[in-house]
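> Residue numbers (the UniProt record's numbering): 1 to 283. Take a look at the following structure, please.
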Amino acid sequence: MNPTAAAIRAGIRRGRIELRQTFTNFQDLWGYLFPAVALLVVMTLMRGSTIPGTEFSRGTMTLPSVLGVSVAFSSLVNLAQILTIEREDGTLLRAKAVPGGMLGYLVGKIVMISGTALINVAIVLVPGVFLFAGLDLGDVGAWLTLLWVLVLGLVATMPLGAIVGSLFPNARNLGAVMLPIMGLVAISGIFYPITGFPEWLQWIAQVFPIYWLGLGMRSALLPDGMQAVEISESWRHWETAGVLGVWAVIGLVVAPMVLRRMARRESGSSVAARREKALQRIA
């Protein structure tokens, strides 16, 4: 068998195993359920509030936006955390030592993170259908839009997670990334229409994929009348595909270079040094 094909098959198998294991680990189950329940509670409390200028529930408006944020967090933050943790504990070094191991490792992570993102979306969307009135799910086009936004969003954000995870020496340093990400969430129209913000903030939000993931999800799940509260009073599908596509291309070009550089620097001595530092902190 072709070595590349064998590595890809091994990676797919590894990713499926790791995804199944998340259902047997309390910490992973908590990571699935707690954010979903918290968000559903918040959106339920928002049901009595309406979007300014409309009679549409703010809770319903927020639901698809939250799905976009969930995809971004699963792809970007979770992948970055996993890479830093598994570099620190030597998992990445062991993968590097096996022929085709790095390719299989990355394929496995893509499968696992994609599965995690889909689970997070389902955990919020399925109860959301029953809790929030006004979602437009009866059209095949809505589901097709949801599908391409999900796929393109994952491709746009996963390489960014790999880049971030490669640049930080350990998971504790990732806290420095969370603050700007939460800032982007705040200005990206997730909980309040972006048209209510100053124009300069709107331009900043539109540079990054979080806004476009939220917009794409809203275009899939909300009635067309809600375009009125968006920029240009349009769902801007072409712009969504374009910006997410640009981020995907940038990530797919830069991420392999950063990952190769990180892998070359991994050695038994570097893993041992990080482990020694971790033991000293515990002591």
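All C-beta atoms in this analysis are idealised placements derived from N, C-alpha and C, irrespective of residue type, glycine included.
Buried or exposed, going by whether 16 or more other CB atoms sit within 10 Å of the CB of Glu199?
Against the sequence shown, residue 199 aligns to sequence position 199. Per the 10 Å Cβ criterion, exposed.
> Could you tell me which of Gly68, Ser219, Ser70 and Pro52 sits nearest to Leu144, measuring between CA atoms?
Stepping through the sequence shown from its first residue, residue 144 is reached at position 144. Of the candidates Gly68, Ser219, Ser70 and Pro52, the one whose C-alpha sits nearest the C-alpha of Leu144 is Ser219.
> Taking Leu40 as the reference, give the member of Leu252, Leu125 and Val111 with the closest Cα.
On the sequence shown, residue 40 is found 40 positions in, with the first residue counted as 1. Residue Leu125 is the option with its Cα nearest to Leu40.
> Suppose you measure from the CA of Gly53 to the CA of Met61; what does that come to, to the nearest Å?
If you number the sequence shown from 1, residue 53 lands on position 53. If you number the sequence shown from 1, residue 61 lands on position 61. If you take the alpha carbons of Gly53 and Met61, they lie about 13 Å apart.
> Measuring only the C-alpha atoms, how far is Arg265 from Ala176?
Locating residue 265 in the sequence shown gives position 265, counting from the first residue. Locating residue 176 in the sequence shown gives position 176, counting from the first residue. When rounded, the distance between both Cα atoms is 23 Å.
> Starting from Gln206, trace the alpha helix (DSSP H) in both directions and tell me its first and last residue.
One-based indexing of the sequence shown puts residue 206 at position 206. Its alpha helix (DSSP H) spans residues Glu199 to Val207.
> Ser166 bridges to which residues according to DSSP?
To locate residue 166, count along the sequence shown from 1; it is residue 166. Bridge partners of Ser166: none, in fact.
> Is it right to say Met257 is buried, meaning 16 or more other beta carbons lie within 10 angstroms of its own, or is it exposed?
For the purposes of this step, residue 257 is identified with residue 257 of the sequence shown, where counting begins at 1. Looking at its Cβ environment, which holds fewer than 16 other Cβ atoms inside 10 Å, Met257 is exposed.
> Return the residue from the list Thr84, Phe26 and Val37 that minimises the CA-CA distance to residue 314.
In the structure as shown, the chain begins at 1 and stops at 283. Residue 314 is therefore absent and cannot be evaluated.
> Spatial neighbours of Ala255 within its chain, please: C-beta separation below 6 Å, excluding the five flanking residues on both sides.
As a first step, residue 255 is located in the sequence shown; it is residue number 255 there, counting from the start. So the list reads Pro159, Ala162 and Ile163, once near-sequence residues are dropped.
> For the alpha helix (DSSP H) that Thr62 lies in, which residues bound it at each end?
If you number the sequence shown from 1, residue 62 lands on position 62. Unbroken alpha helix (DSSP H) run through Thr62: Arg58 to Ala72.
> Measuring alpha carbon to alpha carbon, tell me which residue in Tyr211, Ser234, Ser232 and Val155 is nearest Val253.
One-based indexing of the sequence shown puts residue 253 at position 253. That would be Val155, whose Cα lies nearest to the Cα of Val253.
> Using a threshold of 7 Å, state whether the C-beta atoms of Leu174 and Val71 are closer than that.
On the sequence shown, position 174 is the one that residue 174 refers to. On the sequence shown, position 71 is the one that residue 71 refers to. Going by C-beta atoms, Leu174 is not nearer than 7 Å to Val71.
> Counting only the same chain and skipping the five closest in sequence on each side, list residues whose C-beta sits under 8 Å from that of Leu76.
Working through the sequence shown from its first residue, we reach residue 76 at position 76. The answer, listed in chain order, is Thr157, Met158, Leu160, Gly161, Val164 and Ile181.
> With distance defined between alpha-carbon atoms, name the residue in Thr22, Asn25, Phe73 and Arg20 nearest to Pro35.
Here residue 35 is taken as the residue at index 35 of the sequence shown, counted from 1. Checking every option, the nearest Cα to that of Pro35 belongs to Phe73.
> Under 6 Å: does the beta carbon of Gly225 sit that close to some heavy atom of the ligand COA?
Absent from the structure shown: the ligand COA. Ligands present: none.
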